[in-house]
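Beneath this line is the structure, given in structure tokens, with notes to follow.
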Amino acid sequence: MDDKTVAMEDPPSPPDKVAEPIDMPAADDQSIKSQIDGLVDDVRKLAEAELEYYRVKLSVNMEATRTVLILFSVAAIVGITGLVTLILGILLILSHYWGPVAATGLLTGSALLVTTVLTNMAIKRARKLPIDENEE
Numbered sequence: 096m097d098d099k100t101v102a103m104e105d106p107p108s109p110p111d112k113v114a115e116p117i118d119m120p121a122a123d124d125q126s127i128k129s130q131i132d133g134l135v136d137d138v139r140k141l142a143e144a145e146l147e148y149y150r151v152k153l154s155v156n157m158e159a160t161r162t163v164l165i166l167f168s169v170a171a172i173v174g175i176t177g178l179v180t181l182i183l184g185i186l187l188i189l190s191h192y193w194g195p196v197a198a199t200g201l202l203t204g205s206a207l208l209v210t211t212v213l214t215n216m217a218i219k220r221a222r223k224l225p226i227d228e229n230e231e
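Next comes the structure, spelled out in structure tokens:
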């Protein structure tokens with residue numbers, strides 16, 4: 096063999112099996128009315144399945160939401176109880192130095208001041224919220 100000869104590859108052999116044509120029903124076998132009836136039936140089944148899916152998904156989400164709300168409520172109650180305890184402790188300490196009336200006035204005034212500042216901040220932010228996405 097010569098160094099310059101190039102080996103030629105054999106062309107691929109044809110497949111042993113030739114694909115058989117798919118038997119399609121003739122157009123006369125199914126009328127348009129029966130095809131539309133089948134389509135409507137399929138759409139109805141799909142809609143029922145979607146409804147059942149979202150019903151189950153909603154029930155699972157409602158259970159999870161319920162659990163989250165219960166945990167948040169308990170945390171809020173414990174947090175408020177802690178704040179009340181802190182306020183009472185500060186009141187006891189201040190009443191020792193300033194007397195009960197001055198200590199109560201100071202804590203009440205401080206609480207009302209904080210409430211007023213936070214309420215004003217909330218109102219300013221609420222006014223900036225877009226009510227309707229189409230309005231600007």
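Residue numbering for the sequence shown follows my numbering, beginning at 96 and increasing consecutively. Backbone N, C-alpha and C define an ideal beta-carbon position, used for all residues, glycine too.
query: Helix, strand or coil: how does DSSP classify G194 here?; result: coil
query: Work out the CA separation of Y148 and I188 for me, nearest whole Å.; result: 60 Å
query: Sorted by chain position, which residues of the same chain lie with C-beta nearer than 7 Å to P225's C-beta, five sequence neighbours on each side aside?; result: none
query: Would you mind giving the Cβ-Cβ distance between L202 and I175, rounded to the nearest angstrom? I have them listed as a contact below 8 Å.; result: About 16 Å; that fails the 8 Å criterion.
query: Rounded to whole angstroms, what is the Cα-Cα separation between S168 and T214?; result: 22 Å
query: Would you kindly work out how many angstroms separate the C-alpha atoms of G133 and I218, rounded to a whole number?; result: 58 Å
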